[in-house]
Amino acid sequence: MSGSAVVSLSNVTKAFGGGVTALQSIDLEVQPGEFVSLIGPSGCGKSTLLRIVGDLVEPTSGDVVVNGKSARQARLDREYGIVFQDSVLYDWRTVSKNIGLPLELLGWDRSKRADRVREMLELVELQGFGDHRPWQLSGGMQQRVSIARALSFSPALLLMDEPFGALDEMTRERLNAEVLRIWARSRSTVLFVTHSIPEAVFLSTRVVVMSRRPGRIAAIVDVDLAQPRGADTREDARFFELVTEVRDRLREGGLDADRTAPGEGELVVGGETP
Amino acid sequence: MAYAATARGRSKLPDAERVRTAAVRVGLFLAVLAGLSGLWEGFRAFAEATGLRLGLFEANDRTMPHIHDIVGQLFEPSRRNGPLLIDVLWDAALFTAKEAAVGLVLGALFGFALGVLLAHSGLLQRGLLPYVVASQTVPILAVAPMVVVWGNPRLPPGLRDWGAVAVISAYLTFFPVTINTLRGLTSVDPRTIDLMRSYAASWWSVLWKLRVPAALPFIFAALKIAAPASVVGAIIGELPASIQSGLGGAILNFNQYYITSPPSLWATNLIAALLGITFFLTVVAAERVLVRRAPEHFA
Amino acid sequence: MTTPGLVEPLPPGFLNRFGRGLRDWVPAVLVFVLGILFWEALVRGLEIQNFLLPAPSDIVETLWVERDQLWTAASITFREALGGWIIGCSLGFLAALVLARWRLLSTALMPYAVAAGAIPIVAFAPITNNWFGVTGLTSKVVIAAVLCFFPVMVNTLKGLTSVPASAIELMHSYAAGEFTILRRVRLPNALPYVFTGLKVGTVLAMIGAIVGDYFGGASGSLGVQIQRWTGIFAFEEAWAGIVVASVIGILFYGSVALAERRVMAWHPSLRGGRPE
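Protein chains in written order, with the working numbering: chain A, 46 to 319; chain B, 3 to 301; chain C, 609 to 884.
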């Protein structure tokens with residue numbers, strides 16, 4: 046186990062009341078600068094896993110280390126930014142004030158805050174919308190505000206929970222490209238939950254395929270597509286191969302959660318319990 | 003199918019669990035009663051011990067009768083050689099309940115009709131809604147004697163006196179029903195209206211098969227407000243109408259004898275409170291039966 | 609209006625759609641003018657007994673003639689209502705803050721608070737008169753305060769606790785404490801609900817003050833005067849008093865609604881009113 050990992054999960058298990066095991070024996074390391082997607086069927090616990098990393102949900106057992114600290118300490122030190130499926134913008138704040146919210150909580154002074162908010166608006170290409178109210182923006186724009194807010198205090202880690210799940214396909218593809226651009230520029234580490242196989246493959250350096258009942262890592266697919274990625278990437282033969290591969294791993298995991306997929310090619314078997 | 007499944011699922015709840023929830027509820031109810039009584043008696047004891055005064059207020063047997071005295075008063079004769087107070091108040095409560103129930107039905111029907119009307123015309127909304135709101139600022143207590151004086155000669159003998167009070171009660175109940183009906187009817191998802199259009203459904207079927215069912219939860223929310231309001235309307239309608247047979251009359255009457263027997267007025271108010279809560283709970287029960295919430299598995 | 613426990617608040621701004629531009633006002637003004645004309649014609653044409661429903665022109669005349677007495681009466685009654693409203697709303701708000709702090713307690717007690725709102729509190733007016741004196745303002749202030757308390761408390765509590773889970777999670781991700789969450793999320797989220805309670809409270813406070821007057825109030829207050837006029841069959845004066853009470857009620861309600869629009873200019877329901 047390397048000490049430099051941004052996220053390090055070992056033997057993480059989460060059981061809810063009523064004997065439901067949401068996650069079982071999850072081992073995962075995310076290195077600095079990686080873009081890791083969690084993909085799996087509904088109920089495989091991928092969102093729960095993300096929340097465990099963010100210390101929004103407590104694991105039943107296992108160790109969670111974020112940036113060399115306990116998850117709780119990492120949260121208290123504001124080590125990560127989070128983006129939810131709905132943008133969670135506060136109606137009573139302007140776009141700028143929404144982006145500046147974490148900065149206010151961190152005690153930044155007004156002018157420093159204004160500078161950073163301007164930078165962020167530029168980063169997500171929403172210059173001129175700072176004084177708008179969230180509900181005056183389209184869904185895609187709202188989600189960009191939410192991303193800007195998550196990145197505003199330059200956290201080492203960005204947690205994204207199906208951020209584009211509610212958007213239409215075209216907006217989604219555009220925002221995918223935008224996320225990659227922002228990721229390259231901000232050099233952050235991203236943990237990304239999604240339902241969409243092409244989205245996972247397009248964005249990630251690694252795709253973690255999860256199976257359900259109980260939620261566990263079925264396979265990890267390394268994505269070796271060249272960077273930077275763009276519209277061409279989606280036409281690449283290798284892109285389709287990888288999409289097929291993730292789909293196969295998902296199917297195996299879905300049909301028989303207990304069977305461990307054999308390693309082949311890029312496939313790395315996640316460390317489950319026997 | 004879906005409802006049947008839900009109903010089955012509900013009955014499957016283990017008996018032990020149901021007994022436990024019921025026990026917790028009863029326990030909580032008793033605890034709240036005990037807590038309120040404790041606050042009452044505790045405050046009185048505290049105020050008496052410390053000689054606390056709030057303006058003219060001073061805790062004593064006149065201002066804060068003991069709870070056992072209030073409840074005990076119910077089982078004393080209401081006047082010398084008269085019937086028990088509780089019998090008198092029971093009859094009064096039934097009388098007021100009749101006024102309030104008729105008022106509630108009238109008010110709800112009128113409120114619903116007005117809501118439907120307003121929902122179908124933006125022009126009417128702009129023209130009338132401000133006055134629907136303003137109507138509620140009219141001090142109905144002051145208008146009540148005029149309503150009674152005007153109404154009594156025109157009402158058939160069976161409705162005389164209490165019929166006019168029912169109208170006053172209706173006046174207090176229609177407003178929330180109108181507002182929530184309007185809100186409920188217009189809250190329908192536009193796509194479901196498109197669906198009805200695709201079936202070439204008539205205005206009438208869209209109203210009854212789509213808008214009204216969608217508005218039901220809103221309407222019941224309004225009825226939960228309107229039902230207790232109808233009791234208030236009946237009580238304050240009785241006051242200036244000098245109707246002696248209801249709770250309003252009893253309040254006026256026992257108010258005059260407050261110096262000699264404070265617990266009588268308190269007992270009357272206790273019964274009035276129970277009547278208001280009964281009306282409220284009746285609507286809650288009706289809602290349980292009539293409005294089926296979306297089954298959990300749709301969520 | 610008597611609204612013991614408003615459980616489902618109106619969407620904020622629901623009744624505020626009025627008064628934006630001439631187009632919205634014309635129908636309302638038209639209805640007003642036609643209504644008054646119809647009333648006048650009805651009274652004159654059918655010769656309705658004057659003591660029941662005087663013609664609007666007669667009421668207006670009485671308003672002018674009796675202006676001093678009406679002004680004094682109105683100011684007494686409005687002071688009762690306003691005092692009760694301020695006290696009752698503040699206590700209701702504070703009670704909601706306390707209850708919201710203890711989630712379990714508030715969910716357990718909520719049904720009781722709602723049921724308590726179903727109690728005909730105006731029936732207690734004679735008792736507050738006995739407690740705080742018949743002729744003073746205090747007894748009326750108290751009854752108005754009790755009437756305002758429940759809708760404000762129930763609504764505020766609902767607003768404080770109906771925050772989407774993700775909005776709270778976001779604050780947790782910033783390691784924000786309970787107080788920060790209260791200040792930055794729960795309170796702003798509760799504002800529309802609070803204002804619904806405050807608006808309902810204005811109407812209830814007026815009812816409380818006038819019903820309180822009915823059981824014997826400060827001499828010269830509006831409730832006492834209307835009752836006295838009715839007693840001596842001075843119906844034009846009584847109706848003038850009723851009109852004054854209604855106008856106070858409307859102004860009271862209207863100013864709270866106006867404050868709501870000011871404070872909640874951010875709210876989506878007011879979007880039509882905001883320039884892009």
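All C-beta atoms in this analysis are idealised placements derived from N, C-alpha and C, irrespective of residue type, glycine included.
Keep in mind the model is a prediction, meaning the values are calculated, not measured.
The alpha helix (DSSP H) with residue i in it runs from where to where?
i	result
B:Phe360	The shown model of chain B, from 3 to 301, leaves out residue 360 of chain B, and the question about it has no answer.
C:Asn738	Ala733 to Phe740
A:Ala67	Premise fails: A:Ala67 lies in the beta strand (DSSP E), Val65 to Val75, not in any alpha helix (DSSP H).
B:Asp89	Leu87 to Ala121
A:Thr105	Note, A:Thr105: premise wrong, no alpha helix (DSSP H); not H, not E.
B:Phe256	Leu249 to Gln258
Which bits of chain A does residue i rub up against, with CB to CB less than 8 Å?
i	result
C:Leu778	Ile127, Phe129 and Val133
C:Ala784	Leu150
Roughly how many angstroms separate the alpha carbons of residue i and residue j, rounded to a whole number?
i	j	result
A:Ala276	A:Ser233	22 Å
A:Pro273	A:Leu225	8 Å
A:Arg258	A:Arg178	42 Å
C:Gly849	A:Arg155	55 Å
C:Ile644	B:Ala274	38 Å
B:Pro141	B:Phe176	15 Å
C:Lys766	C:Ile776	15 Å
B:Asp63	C:Phe843	41 Å
B:Tyr201	B:Ser137	40 Å
A:Val288	A:Val266	10 Å
B:Val291	B:Leu218	12 Å
C:His875	A:Asp136	6 Å
B:Glu50	B:Ala61	6 Å
C:Ile840	B:Thr23	59 Å
C:Glu884	A:Val235	Here C:Glu884 scores only 26 on pLDDT, less than 50, and its place in the model should not be relied on; the value that follows carries that caveat. Their Cα atoms are separated by approximately 35 Å.
B:Gly117	A:Glu290	58 Å
C:Leu623	A:Gly298	The pLDDT assigned to C:Leu623 is 47, lower than 50, so where the model puts this residue is not dependable; a value taken from the coordinates is nonetheless given after this. C:Leu623 and A:Gly298: Cα-Cα distance of roughly 54 Å.
With a threshold of 7 Å on Cβ separation, who are the neighbours of residue i within its own chain once the five nearest residues in sequence on each side are excluded?
i	result
B:Ala216	Gly186, Ser189 and Val190
B:Val208	Ile195 and Met198
A:Leu148	Arg158, Arg161, Ser197 and Phe198
A:Ala195	Gly126, Ile127, Val128 and Leu203
A:Ala229	Pro273
C:Ala846	Ile834, Trp837 and Thr838
Between which two residues does the beta strand (DSSP E) harbouring residue i extend?
i	result
A:Arg261	Arg261 to Asp267
A:Lys59	Val52 to Phe61
A:Leu83	Phe80 to Ile84
A:Gly126	Tyr125 to Val128
B:Leu209	No beta strand (DSSP E) contains B:Leu209, which DSSP labels as neither H nor E.
Residue j and residue i - do their beta-carbons sit closer together than 8 Å?
i	j	result
C:Ala817	C:Ala689	yes
A:His240	A:Glu207	yes
C:Ala851	C:Leu671	According to the sequence provided, residue 851 of chain C is Val. The question's Ala does not apply to it. Cβ atoms of C:Val851 and C:Leu671: closer than 8 Å.
B:Ile72	B:Leu276	no
A:Val102	A:Thr93	yes
A:Leu73	A:Ile262	yes
C:Ile684	C:Leu830	yes
B:Ala168	B:Leu96	no
A:Leu333	A:Gln187	Absent from the model: residue 333 of chain A. The displayed extent of chain A is 46 to 319, so no value can be given.
With a threshold of 8 Å on Cβ separation, who are the neighbours of residue i within its own chain once the five nearest residues in sequence on each side are excluded?
i	result
A:Leu151	Arg123 and Phe198
A:Asn221	Phe209, Glu244, Phe247 and Leu248
B:Pro230	Gly278, Ile279, Phe281 and Phe282
A:Phe61	Ala67
In its own chain, which residues sit with a C-beta less than 6 Å from the C-beta of residue i, not counting the 5 before and 5 after it?
i	result
C:Ile751	Ala733, Thr736, Gly816 and Gly820
C:Leu699	Phe757
B:Tyr260	Leu267
B:Pro242	Ala146 and Pro147
B:Gly250	Ile237, Glu240 and Leu241
Taking Cβ-Cβ distances shorter than 9 Å, what residues in chain C pair up with residue i?
i	result
A:Trp137	Pro796, Asn797, Leu799, Met872, Trp874 and His875
A:Gly99	Glu777, His780 and Ser781
B:Phe281	Ala726
Name, please, each residue of chain A whose Cβ falls closer than 9 Å to the Cβ of residue i.
i	result
C:Ser770	Within 9 Å Cβ-Cβ: nothing; C:Ser770 doesn't reach chain A, min ~14 Å.
Give the residues of chain B in contact with residue i, contact being defined as C-beta atoms less than 8 Å apart.
i	result
C:Gly744	Gly57 and Leu58
What residues of chain B sit near residue i, judged by a beta carbon separation below 7 Å?
i	result
C:Ile858	Ala136 and Thr139
Whose Cβ in chain C lies nearer than 8 Å to the Cβ of residue i?
i	result
A:Arg120	His780, Ser781 and Ala783
A:Pro320	Outside the modelled stretch of chain A, which goes from 46 to 319, sits residue 320 of chain A, for which no answer is possible.
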